[in-house]
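One structure is given below, encoded as structure tokens.
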Amino acid sequence: MPEPKQIFEEYYKELLHAAHDHNIALGISRSLSAYRERRARALERFPHTVKLAEEVRQLKEDCVGRLDELVQRAAASLKENGAQVYYAESAGDALKIIGEIVGSGKVVLSAKTLTGEEVGLRRHLEGLGNEFWETDVGEFIQQLREEKPMHYLGPCLHVTREQVAELLTNFLGREIPPDAEVEVRTIREFLRSKYFKADFGISGCNVMAADSGSIFLLESEGNIRMLTNLPPVHIVLVGIDKVVPTFHDAFKVAEVTWRYGGFTIPLYISTVSGPSATGDIEYTMVRGASGPLELHVVFLDNGRSTLAKDPVLKEALYCLKCGGCLFECPIFQLIAGHYGGHGYFGGVGAILTAYMGGGFEEAAPIAYTCLRCGRCTEVCPQSIDLSKLIPELRHRIDQKS
Amino acid sequence: MKNTKLYTPPVFHIISTNTAKWGNPLGLKKTDCASWAKGLQLPTKGKTILYTGCEYQMTAYIQSLVEVLKRVKFKDALFSAFSGLQTAGVKLGVGLMEAYKKATSRETEHYNQLLSMAALTLRKLGIDFAHLDGELYSGALLYEYGLFEEFEKQAKRVADQFKEAGVTKIITLTPHSAEILQQVYPRFIANFNFEVIPYVSSVAEALNKLSTRLSLPEPLTLTLHDPCHLARSLKVTEEPREVLRAITNLDFREVALNRESTCCCGAPCETIFHELSELVASRRVEELSATGAEVAATLCPFCYANLNRGVNLTGKKLRIVDFIEIIYQALEANNART
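Listed in order, the protein sequences are those of chains A and B. Heads up: the first sequence runs through residues 0 to 400, numbered per numbering that gives the first Met the number 0. Heads up: the second sequence runs through residues 0 to 337, numbered per numbering that gives the first Met the number 0.
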């Protein structure tokens, strides 16, 4: 583990490098105007979302005080539905649990998962000798670039189509033209060859319902449907902060998440509540019909329950990861995902990094980058008050210095 | 949680040491902070006070501080150059102060003029107010950097000063002071029951009562940069616009990101990541400049200074002015006519 001062210095170097990266500036400016337009249109067409967001904030305030109870209820529901349930105290525990389920020499497909990024899942499973593919187009590109994702919604928003063409040409050993449509078709073709061969599909979870054990997955690419249905085993790595009491509550959280992410509707909304099953023959329940034979759900704590007990900073757990604040953040606009650590970005990301994996050493320079300008709070569906939270986080850091 | 000692930027030490010793983060003397009020014969006791928080006075020196931090190779060698700072303590702090206190007297003079215009404006508008002798800094930076123990000590000193002077109402000249006094002090200080009102709000209120129309001596196209804390924390967005609407000969152009959607000027990170600060300032200047206005007015000394840096960096034909200058000029012109 490098010294805190060294971490700060490294961060500074990365930040300066990113600040002068022309592609980041270009990518963000294009994405920002598109995002603003889309979000405005989505909220205009579904104006009830603003009120719903307030309701969701209250819901999350209530849930953060009873994470244990909600996780227990969700686990019970999942078991009843035939799933296997695990509890990972730390990132290391999660890697061990999933590593044991997967073993080695397997083909593993992954949906864009923040928890996977948080614990370093890809590196771990590859290290065990597995073939691992990200199936979200942006994540796939970032995997080929050997780079971390740059945004929750657009992992490669700083990569131009020319760069993608070059990347795919090198990867496949045949000429791919710099045309977004051809590029997406090429990635589609490659990934579709993998879905039936894969032994495992790994996803995160946007929100989970305790009463039914339902895992909500929001997407537009269709990759999540494929990888949660076609491989024989589906593994879910879900943060314990994602559980809400009912299916109805979960739907509200999901709707606010996608709407503030700039979607009128995501093209696919899936819920998975257990492994596939049939009772068609003599009304006897058999697990494993057309869909997966097994569903493994790993609940990840990794600092969340400590954060949930912090009277002030717990507010960071209300974050839905819609990514709206990032587009609007004056710092993020300059250095994109370099303003973050362990898969979490921006000011809220600094708090999540401090508690969920990176520790205060890694969170410190991120915390000091925040301008405390409050622009994020203005666009946040949860009104997370970073101008109050950031001094608090810095205070915790100062106490340890 | 591991027990590693964490690293904090060296500027924190300078700020906290100076505030404890001098009452302000840059170690300015009381005479430096009060020199603007000379000759104005402001009462030093009264129920209503104008509180400057020493921020305009400090602004002249901040750029020099940033330059000093840069000179010691802030971005590369900072970490080794300053490694002894925690033990060298005040000594290095003082050495730095000597260097950055060489701010040009022209700049100091300019900020002092703004302060005196601010006071004269209130007087012209018929507002009775005092200005405390030996006024202290609010401690805003200490709070923002999470140095809560030091902040609390400073806040107590400030609150005691207000109490001793028999103050009930505080007109705060800067958004940072207003935010800290109105929203943060009550969390740290028991019975902090003062009425805190941002400067522009008292100006707008007084103008409203007088219902006079003001006019600028020359026609001017102007846009407004809402300071973040004024617009978002304090929710003061309409007051400056009301005042501007009361002025003829002024063509007001709204910038795309306005009111609570305003964009930061970049100043907050200038002593830690000055390169980012400059880039944010440049972007904001581009946005303000896109309105086609000749000048952009702002209501915060830090925005003022950093947007000026943005103008220098981008080479845009935009003049940054303080809102105080505009209202003062309009009142002056009005006086000349009547």
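The C-beta atom is built at its ideal place from N, Cα and C for all residues, glycine as well.
Does the Cβ of A/Phe-195 have 16 or more other Cβ atoms within 10 Å, making it buried, or fewer, making it exposed? exposed
Give the straight-line distance between the Cα atoms of B/Leu-215 and B/Ala-332, rounded to the nearest whole angstrom. 6 Å
With A/Lys-399 as the anchor, note down where its alpha helix (DSSP H) starts and where it stops. That residue, A/Lys-399, is in no alpha helix (DSSP H); it is neither H nor E in DSSP.
Counting only beta-carbon separations shorter than 7 Å, does A/Pro-154 have a partner in chain B? no
Would you say A/Cys-372 reaches chain B, if we count a Cβ-Cβ gap shorter than 7 Å as a contact? Interface residue (Cβ-Cβ distance to chain B less than 7 Å): A/Cys-372 is classified as such.
With contact counted as at least three CB pairs below 8 Å, one residue from each stretch, are the segment 206-218 of chain A and the segment 263-278 of chain A in contact? yes
Run through chain B and tell me which residues come within less than 7 Å of A/Lys-313, C-beta to C-beta. Ordered by position in chain B, no residue passes the 7 Å Cβ test against A/Lys-313, which lies about 16 Å from the chain.
Host beta strand (DSSP E) of A/Gln-83 (start-end): Unbroken beta strand (DSSP E) run through A/Gln-83: 83-87.
A/Val-181 versus A/Ala-164 - alpha carbon distance: When the Cα atoms are used, A/Val-181 and A/Ala-164 turn out to be separated by approximately 9 Å.
Identify every run of the beta strand (DSSP E) within the segment 270-346 of chain A, keeping only runs that are complete inside it and at least 3 residues long; order them along the chain. Restricted to the segment 270-346 of chain A, the beta strand (DSSP E) segments that are unbroken, complete and at least 3 residues in length are 293-299, listed in chain order.
Cutoff 7 Å; reference A/Val-136; Cβ partners in own chain excluding five residues on either side: The beta carbon of A/Val-136 lies closer than 7 Å to those of Val-183, Ile-186 and Glu-220 in the same chain, with the five residues before and after it left out.
What are the partner residues of B/Lys-168, as DSSP defines its beta bridges? B/Thr-47 and B/Glu-194
Classify B/Ser-200 as buried or exposed, calling it buried when 16 or more other Cβ atoms lie within 10 Å of its own Cβ. buried
Is B/Ile-271 close to chain A, meaning its C-beta is less than 7 Å from at least one C-beta of that chain? So, interface residue.
Per-residue contacts from A/Thr-352 into chain B (C-beta, under 7 Å): The premise fails here: A/Thr-352 is roughly 13 Å from chain B at the closest Cβ pair, so nothing lies under 7 Å.
Consider the Cβ of A/Tyr-367: report whether some Cβ of chain B lies at a distance smaller than 7 Å. Residue contact with chain B for A/Tyr-367: present (Cβ-Cβ distance below 7 Å to some residue of chain B).
Rounded to the nearest angstrom, how far is the Cβ of B/Pro-24 from that of B/Tyr-136, given a contact under 8 Å? 6 Å
In its own chain, which residues sit with a C-beta less than 6 Å from the C-beta of A/Tyr-343, not counting the 5 before and 5 after it? Leu-351 and Thr-352
Does the separation of the CB atoms of A/Leu-236 and A/Gly-115 fall below 7 Å? yes
What residues from the segment 277-295 of chain B come within 9 Å of chain A, judged by C-beta to C-beta, listed N to C? Leu-278, Val-279, Arg-282 and Arg-283
Mind checking B/Ala-87: buried by the 16 CB within 10 Å criterion, or exposed? Model confidence at B/Ala-87 stands at a pLDDT of 36, short of 50, so the residue's coordinates are unreliable; what they give is reported in the following sentence. It is exposed - the Cβ of B/Ala-87 has fewer than 16 other Cβ atoms within 10 Å.
So is B/Phe-147 in contact with chain A if we call contact Cβ pairs under 7 Å? For B/Phe-147, the closest Cβ of chain A is nearer than 7 Å.
Are the beta-carbon atoms of A/Leu-66 and A/Ala-307 separated by less than 7 Å? By the CB criterion at 7 Å, A/Leu-66 and A/Ala-307 fall inside the cutoff.
Is the beta carbon of A/Ala-209 closer than 7 Å to that of A/Pro-244? In this structure, A/Ala-209 lies closer than 7 Å to A/Pro-244 by Cβ.
Can you tell me where the alpha helix (DSSP H) with A/Val-70 in it begins and where it stops? 66-79
Whose C-alpha, out of A/Lys-387, A/Asn-205, A/Glu-99 and A/Phe-250, is nearest the C-alpha of A/Ala-315? Closest by alpha carbon: A/Lys-387.
Segment contact flag, the segment 355-371 of chain A with the segment 216-224 of chain B, C-beta cutoff 8 Å, min 3 pairs: no
For B/Gln-56 and A/Gln-142, I'd like the C-alpha separation in whole angstroms. If I take the Cα positions, the gap works out to 52 Å.
What are the residues that DSSP puts in a beta bridge with B/Ser-276? Bridge partners of B/Ser-276 according to DSSP: none are assigned.
For B/Cys-53, collect the residues of the same chain with a Cβ closer than 7 Å to its Cβ; drop the 5 residues on either side in sequence, then sort them by chain order. Within the same chain, Asn-23, Leu-27, Cys-32, Glu-134 and Tyr-136 come within 7 Å of B/Cys-53 by CB-CB distance, once the 5 residues on both sides are set aside.
Under 7 Å between C-beta atoms, does A/Glu-377 make it to chain C? Here chain C cannot be found, since the structure's protein chains are A and B.
Mind listing the chain A neighbours of B/Leu-275? Cutoff is C-beta to C-beta under 8 Å, in chain order. Leu-14, Ala-18, Ile-330, Leu-333, Ile-334 and Thr-368
Could you tell me the alpha carbon to alpha carbon distance between A/His-150 and A/Leu-325, rounded to whole angstroms? 8 Å
Cross-strand partners of B/His-224 (DSSP beta bridge): B/Thr-297.
Do we get a CB-CB distance below 7 Å when we pair A/Lys-320 with the residues of chain B? Chain B contact via Cβ: absent.
From B/Ile-188, B/Gln-40, B/Phe-322 and B/Pro-174, residue whose alpha carbon lies closest to that of B/Phe-128: B/Gln-40
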